[in-house]
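Numbering (this note's numbering), first residue to last: 10 to 64.
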């Protein structure tokens, strides 16, 4: 799995996938782990996770 962090007005950044989760196979939704708001510097409620494609 690859993960990329997209912050407004900044270039996309590859990030470690440690602590991140893959989408749930039955629903297609990915959970927001505790690592994500830390990377983004915001509250957990402000995080959207976008997942696309097998790569």
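All C-beta atoms in this analysis are idealised placements derived from N, C-alpha and C, irrespective of residue type, glycine included.
Linking residue 39 to residue 19 through their CA atoms gives a straight-line distance of about 24 Å. Taking 7 Å as the cut-off, the Cβ atoms of residue 12 and residue 29 count as close. Here residue 26 is exposed. Its C-beta has fewer than 16 other C-beta atoms within 10 Å.
In this structure, residue 24 lies away from residue 16, with their beta-carbon atoms at least 7 Å apart. Counting only runs of at least 4 residues, the stretch 18-62 fully encloses the following alpha helix (DSSP H) elements, listed from N- to C-terminal order: 44-49.
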